[in-house]
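Okay, structure first, notes after.
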Amino acid sequence: MEQQTNNRGFGFYLKTAILIFLAGFIVLVLSGNYTWFSKSTPIMVLDDMDDQFKVKPQVKSTFFNDGRSGRYPVEHTVSRNGSAYPLDKPDFEKADSLVGSNPLDLSTTSTRQYVLSRGKNRFEAFCTPCHNYDGQGNGSVVARGFQNPPNLRDEVTKAKSDAHLYHIISAGQNIMNGYGDKIQSNDRWAIVAYIREMQKLGVKP
Amino acid sequence: MFTKELDKKLKRAFTMGGGTVVVLALVLIFGQNNKVTDVGYRPDQPIPFSHKLHANEDTISHNGVKMKGLGIKCMYCHAQAEVSAHSPVPTTSTCMNCHVLPMKLENERGNPGPLELIRTSYEKNKPIEWVRIHKLPDYAHFNHSRHIRAQLDCKSCHGPVETMGVISQYKPLSMGWCLDCHRNPEQFAVPARPISGIYAYDYENRSQIDKFIGVRANSYDASATIKLAAMKPVVQPSYGMVETADLPKPVVEGMLVPKHAQYGPENCSSCHH
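So the protein sequences, as listed, match chains A and B. The opening residue of the first sequence carries number 10 in my numbering; numbering runs sequentially from there. The opening residue of the second sequence carries number 2 in my numbering; numbering runs sequentially from there.
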């Protein structure tokens with residue numbers, strides 16, 4: 010039989026092209042190609058109760074003028090379950106009488122290990138960008154032009170009391186900001202214990 | 002037998018039927034498949050923040066320049082994820098912990114660039130309006146702290162954020178996808194990595210802490226899987242809280258205790274309460 014190739018018109022090629030495109034599209038999408046990005050918000054086919062009319066964390070408020078859904082507490086109110094660190098940066102002298110000594114139990118081996126492992130974890134999460142993993146400064150942020158912090162293992166820091174170190178973590182010192190809102194109170198004490206443990210190693214160049 | 006009229010009607014019927022089938026198939030494929038729902042949502046943020054630059058600790062390429070990543074842990078900015086259900090986008094004051102001073106790159110190019118926006122936001126006490134990407138329906142109650150205390154890495158749900166120059170959704174966050182991992186955590190979940198700063202206290206090796214004082218923790222084994230504490234079935238009441246067996250008792254009063262990884266609950270009211 011003779012092949013009839015002449016009667017294939019423009020429509021045939023268009024249909025074939027569309028079919029190939031669709032097939033390729035479906036195969037690519039089904040293969041989970043994660044490099045396809047979209048700036049448009051995901052489509053909601055049935056928006057049943059996905060977006061409920063309530064205040065959610067960090068969502069813009071349409072009720073208040075400043076647009077904050079999280080409100081500041083009314084002046085002179087006291088929180089029932091949380092406690093903000095009361096002192097400011099320069100008041101480190103008051104810290105000794107206010108916060109006292111480390112309340113965590115470091116006497117037995119198991120609790121000491123536990124406190125130190127927690128302190129190590131918190132130290133690495135919050136302090137290493139500047140103080141580095143060994144506590145001697147020159148962290149990754151310092152390499153980008155930030156002020157180099159004091160060596161945590163030298164005699165100056167060693168001479169400071171536990172309460173003073175706790176105060177510095179909570180309220181900050183010099184250019185360092187306080188981390189009282191980020192690190193829980195007991196975790197700050199764990200960091201102090203971990204710094205003390207590092208100081209036993211002495212300064213190493 | 003076929004009149005011209007009937008022929009026309011049949012043709013139309015077949016076209017419409019075929020069209021309906023195709024549309025249905027597309028809806029089923031795109032609507033039901035885990036891999037394609039919401040994945041790849043990458044909106045423009047008010048500030049072109051790069052997780053790759055901030056979170057990666059290896060050498061990266063940022064705007065075409067090779068440099069070393071900062072290696073800041075996820076927990077530094079998203080600290081409250083450990084204690085709260087919602088993992089907040091960091092406040093401007095978190096950015097200002099470091100960006101209060103001009104960085105080397107700013108000095109090199111001679112202007113603060115997008116960092117100007119952070120500093121004005123801080124001065125005017127006006128929050129930056131980041132665009133939310135990862136969103137569950139309001140009737141699904143996801144709790145970050147619970148998953149982090151089970152030592153699941155952020156990567157399990159958010160993908161390799163430390164490689165993303167612009168943040169995007171990596172996993173579908175659909176119910177089927179949640180349940181996949183709840184049923185087979187050892188297959189899907191990523192155990193906590195040092196890069197996340199998630200507290201994963203190894204109860205078996207308590208003596209290790211002495212060896213690693215002042216030394217960088219980098220003992221993450223990429224081939225590690227989630228260790229399930231006990232292979233016994235978890236006691237599951239029909240609704241309410243799941244009673245788990247063999248949880249470690251708090252060693253120090255008032256301090257956070259990581260939980261042993263367990264199977265995730267499968268009852269409806271665990272998430273839809």
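We put the beta carbon where it would ideally sit given N, CA and C, even for glycine.
Residues near residue i by beta carbon distance below 6 Å, same chain, minus five either side
| i | result |
| --- | --- |
| Gly76 of chain A | Lys69 and Ser70 |
| Cys182 of chain B | Phe189 and Ala190 |
| Asn144 of chain B | Ala86 |
| Ile204 of chain A | Leu161 |
Spatial neighbours of residue i in its chain, beta-carbon cut-off 8 Å, leaving aside the 5 residues before and after
| i | result |
| --- | --- |
| Ile168 of chain B | Arg43, Gln46, Phe50, His52, Ile134 and Val162 |
| Pro95 of chain A | Leu107 |
| Gly72 of chain B | Ala56, Asn57, Glu58 and Ile196 |
| Asn160 of chain A | Gly144, Gln145, Gly146, Thr166 and Val212 |
| Pro128 of chain B | Thr92, Thr93 and Ser122 |
| Gly19 of chain B | none |
| Pro66 of chain A | Ser78 and Gly79 |
| Gly154 of chain A | none |
Assigned exposure category for residue i - 16 Cβ within 10 Å defines buried
| i | result |
| --- | --- |
| Gln122 of chain A | buried |
| Gln145 of chain A | buried |
| Gln170 of chain B | buried |
| Met256 of chain B | buried |
| Cys96 of chain B | buried |
| Cys269 of chain B | exposed |
| Asp154 of chain B | buried |
| Asp60 of chain A | exposed |
| Pro51 of chain A | exposed |
| Asn108 of chain B | exposed |
| Glu83 of chain B | buried |
| Arg150 of chain B | buried |
| His85 of chain A | exposed |
| Thr137 of chain A | buried |
| Val87 of chain A | exposed |
| Met17 of chain B | exposed |
| Met76 of chain B | buried |
| Ala26 of chain B | exposed |
| Phe72 of chain A | exposed |
| Leu174 of chain B | buried |
| Ser88 of chain B | buried |
| Asp196 of chain A | buried |
First and last residue of the uninterrupted beta strand (DSSP E) at residue i
| i | result |
| --- | --- |
| Ile184 of chain A | Neither: Ile184 of chain A is in no beta strand (DSSP E) and is coded neither H nor E. |
| Thr1 of chain B | Past the boundaries of the shown model lies residue 1 of chain B; chain B is included only from 2 to 274, so the question cannot be answered. |
| Val66 of chain B | Val66 to Lys69 |
Supposed contact pair residue j and residue i - C-beta distance, whole angstroms, cut 8 Å
| i | j | result |
| --- | --- | --- |
| Ser146 of chain B | Ala86 of chain B | 7 Å |
| Gly181 of chain A | Ala93 of chain A | Contact doesn't hold; Cβ gap of about 14 Å is too wide. |
| Gly41 of chain B | Phe30 of chain A | With 8 Å as the limit, Gly41 of chain B and Phe30 of chain A do not qualify as a contact, their Cβ atoms being about 20 Å apart. |
| Gly128 of chain A | Ile200 of chain A | 5 Å |
| Ser78 of chain A | Val64 of chain A | 5 Å |
| Ile119 of chain B | Thr92 of chain B | That belief does not hold up - the Cβ atoms of Ile119 of chain B and Thr92 of chain B are roughly 11 Å apart, past 8 Å. |
| Ile184 of chain A | Val90 of chain B | The Cβ separation is near 24 Å, so there is no contact. |
| Ile192 of chain A | Ile178 of chain A | 7 Å |
Boundaries (first-last residue) of the alpha helix (DSSP H) holding residue i
| i | result |
| --- | --- |
| Ser119 of chain A | Thr118 to Phe135 |
| Met176 of chain B | Met176 to Arg184 |
| Asp105 of chain A | Phe101 to Val108 |
| Lys105 of chain B | Lys105 to Arg110 |
| Gln170 of chain B | Element bounds for Gln170 of chain B: n/a, residue is neither H nor E. |
| Tyr123 of chain B | Leu116 to Glu124 |
| Cys269 of chain B | Taken as a continuous stretch (DSSP letters only), Cys269 of chain B belongs to no alpha helix (DSSP H), as it is neither H nor E. |
| Trp131 of chain B | No alpha helix (DSSP H) contains Trp131 of chain B, which DSSP labels as neither H nor E. |
| Met97 of chain B | Thr93 to His100 |
| Thr166 of chain A | Glu164 to Ala168 |
| Arg205 of chain A | Ser194 to Gln208 |
| Ala86 of chain B | Per DSSP, Ala86 of chain B belongs to no alpha helix (DSSP H) and is neither H nor E. |
| Met58 of chain A | Taken as a continuous stretch (DSSP letters only), Met58 of chain A belongs to no alpha helix (DSSP H), as it is neither H nor E. |
| Tyr279 of chain B | Because chain B here runs from 2 to 274, residue 279 of chain B falls outside it and cannot be looked at. |
| His52 of chain B | His52 to Ala56 |
Sequence-distant residues of the same chain with beta carbon closer than 7 Å to residue i, five excluded per side
| i | result |
| --- | --- |
| Gln170 of chain A | According to the sequence as given, residue 170 of chain A is Ser; it is not Gln. Excluding residues within five positions, the ones whose Cβ falls inside 7 Å are Asp105. |
| Lys237 of chain A | Outside the displayed range of chain A (10 to 214) lies residue 237 of chain A, so it cannot be described from this structure. |
| His274 of chain B | His142 |
| Ala202 of chain A | Asn111, Leu113, Leu115, Val124, Leu125 and Gly128 |
| Lys69 of chain B | Thr60 |
| Asn157 of chain A | Gly146, Asn147 and Val151 |
| Glu206 of chain A | Leu125 |
| Lys74 of chain B | Ile196, Ser197 and Gly198 |
| Trp131 of chain B | Gln46, Pro47 and Val90 |
Residues sharing a beta bridge with residue i, DSSP
| i | result |
| --- | --- |
| Tyr42 of chain B | A:Ser47 |
| Pro192 of chain B | B:Leu153 |
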